[in-house]
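A short write-up of the structure that comes next.
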Amino acid sequence: MPRGRPRSVVAPCQYCHKQFKRLEHLRRHERTHTRERPFVCDCGQSFTRKDLLARHARLTHSSRSASSLPPVDDDEVPPTCDAAGMSAGGPDAFWDPDFMARDVLPSSLFDTSFQFPATPSSFQPPKISSSSRFSSHLPAVDDDLDDATAVQDTEDDEQASGSFCTIPVPWSITAPIYERILAEVREFSNVLPAECSLPSRNSLSWYLEKYLRCGHEFMPFIHSATFQTEQKSVELLLAIAAVGSLYRFESRNSYALYFMSKAILREKIRRDDIQITSGLLDGQSHLIRGETHDPGKIQTFILLIYFASWADKQIRPDACTLSGQLLMMVRDNGISEPDEIPLDIDWLSWVAAEERRRTYFAAYAVFGLHSIAFDLPPLILNHEVGLFLPGFAEQWKAENAAQWLQAPRQAGCPFQEGLRSLFNGTDISTFASVSAFSNYLLIHGVLQQIYIDRHGSTGALPPDNVRAFETALRTWQLSWEHTDESTLDPLLPDKGPLGLTGAALLRLAYIRLTSDLGHCRRMSTESFSMRPML
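If you're matching positions, the sequence shown starts at 1 in the UniProt record's numbering and goes up one per residue.
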């Protein structure tokens, strides 16, 4: 008979099946998959371990007396979300920290000693209730009961703890704002699916936070520092929350939010069309819808298309339907017009102009991704884009006018000029450095031209065309290497994942240039029963 206490068996990690001897080691390891940071400071910073929180409090908040800092106890930490309820197909499940694109870029650019941090998240996910949440359009009761044990809103925390942090939280939803959202949802209750319900106030804040802190890094077209929920339309808030809930592995709520946002958006467009029709029939031409430079509606379309494209193939036709409407909106609102930003401009005016520019470029990039993934013709052609390339990430992420003034400013460069310089073999970064977002858009432009030439040719591309594309791709790689924001680590602070995404598109461009996929596509659509078996 074995001596001593019976040894407890610890289940393996449900993501990578790695075995651990102690349960606390397993929980700490699984947080590297779920990106959870359960130890939260009063200032909003969150950490994966208790000792890191204590170190942060000692170094950052040393001006405060030690007695004023609350003790951190494991029992007081709100429970993290149940890992068993998470989908392995979530947005973070396929990130491989060992990936290095050594075949594309020189190894001197890699930091092999880099330790991958976890994605920050200062809130805990709500508990999932076993009862149905879709009995009405009002918030579920279970969410409100769980709010008593979950993390409170940041504003309430600051008032209770006397926190010195004065930076507003863009995803905060106060009670009056939530009542306004509820009222607008009730206004459109006749067009909403009966099975959908609005999440609780805290849950909605969590979803907005997850997108504004994580999701928007992959397509930065919403300015989070100046984002104010009280000034945004309800359909935009629901669309953002739909994408953000996917990052919290709550797919059921994400679909409900998606269908609610889409229904409200379509109903508003239908009402506008009725008003325009009545105005035209009555001879009141002033009621005709004019151009608007408010990017909110276009941003809603982009988020809904993004969700429908990658969430589930059953709603993928929605992406094609919404894309046609988005195309007309960006054309009518001036994607072909130059939008050079003057140098003597204040911060808020710059934010409005840059956000509008990035929103139109996001639509251009989404259509490019559709062309890559679904072999669809690009809806916005390169020659239609008259905008200037977007600015640096440091300037875009500035939280106030002082930070914005100190950040480096990118010299104005039109998209057409940047794309033309690639095919001429002229590295645009030799004249002025460009942002990682600009490089990402330029490689989309090269991919679009490869697509058009490939589909317009009955055979192999002419050698001159191939050499021109190879010149453009080599020049783009030089621009990537000379760009300070370029990195192969998507979690690196102040740089983001666009450098890695651009490097992946560079590989894809070489594949599309040297491989004729037309025969493969034709074979996939033909019936094999009509072909003799050899």
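No residue lacks a Cβ here, since even glycine has one placed at the ideal position from N, Cα and C.
- Contact check for E267 against V366 fails: the beta carbons are separated by 8 angstroms or more.
- Between W347 and I341, the C-beta spacing is not below 8 angstroms.
- Beyond the five residues adjoining it in sequence on each side, K495 comes within less than 6 angstroms, by CB distance, of E485 and T487 in the same chain, given in chain order.
- Inside the region 237–311, DSSP marks whole alpha helix (DSSP H) runs of 4 or more residues at positions 251–281 and 296–310, from first to last along the chain.
- If only uninterrupted alpha helix (DSSP H) runs of at least 4 residues are considered, those enclosed by the region 160–236 are 175–187 and 201–213.
- In the DSSP assignment, K50 falls within the unbroken alpha helix (DSSP H) covering K50 to T60.
- Counting C-beta atoms within 10 angstroms of its own C-beta, G425 has fewer than 16 neighbours from the protein chains shown and is therefore classed as exposed.
- Residues A225 and W347 of the same chain have their beta carbon placed closer than 8 angstroms to that of N400, with the five preceding and five following residues left out of the count.
- Per DSSP, reduced to three states, the secondary structure at F388 is strand.
- S46 is bridged by DSSP to V40.
- Distance from the CA of G418 to the CA of E30, rounded to the nearest whole angstrom, comes to 44 angstroms.
- Rounded to the nearest angstrom, the gap between the Cα atoms of I264 and R22 is 50 angstroms.
- Pairing F437 with L505 gives a Cβ-Cβ distance that is not under 8 angstroms.
- Where A402 is concerned, the enclosing alpha helix (DSSP H) starts and stops at A401 to Q406.
- Judged by their CB atoms, W171 and L198 are not nearer to each other than the 8 angstroms cut-off.
- Under the three-state reduction of DSSP, P414 is assigned to strand.
- With a beta-carbon spacing of about 7 angstroms, Y306 and V243 fall inside the 8 angstroms limit used to define contacts.
- Judged by DSSP secondary structure, D484 falls outside any alpha helix (DSSP H); it is assigned neither H nor E.
- With the rule of 3 Cβ pairs closer than 8 angstroms, the region 235–250 counts as touching the region 210–220.
- DSSP, read as helix, strand or coil, puts E337 in coil.
- In the three-state scheme derived from DSSP, where H, G and I count as helix and E and B as strand, V366 is classed as helix.
- Here H370 has L376 as same chain residues with Cβ atoms under 6 angstroms from its own Cβ, once five neighbours each way along the sequence are excluded.
- A direct Cα-to-Cα measurement between F374 and R271 gives close to 33 angstroms.
- The three-state reading of DSSP puts C16 in coil, since its state is none of H, G, I, E or B.
- In this structure the region 328–340 does not touch the region 390–399; the number of beta carbon pairs closer than 8 angstroms is below three.
- Under the three-state reduction of DSSP output, P497 falls in the coil class, being neither helix nor strand.
- Apart from the 5 residues on each side of it in sequence, I450 sits with its Cβ closer than 8 angstroms to the Cβ of F469, A509, R512 and L513 in its chain, given in chain order.
- The residues A242, S245 and L246, in chain order, have a CB closer than 6 angstroms to that of S254 in the same chain once the five nearest residues on each side in sequence are set aside.
- If you draw a straight line from the Cα of L441 to the Cα of G412, it comes to about 15 angstroms.
- Under a 10 Å Cβ-count criterion, G456 is classified as exposed, with fewer than 16 other Cβ atoms of the shown protein chains found around its own Cβ.
- Secondary structure at P317: helix, using DSSP grouped into helix, strand and coil.
- Residue range L23 to T34 is occupied by the alpha helix (DSSP H) that includes T34.
- If you look at L491, you'll find it isn't in any alpha helix (DSSP H); DSSP assigns it neither H nor E.
- Taking the Cβ atoms as the reference, L422 lies roughly 6 angstroms from V446, within the contact range of under 8 angstroms.
- Per DSSP, the unbroken alpha helix (DSSP H) holding V446 starts and ends at A436 to G456.
- Around the beta carbon of M260, 16 or more other beta carbons lie within 10 angstroms, which makes this residue buried.
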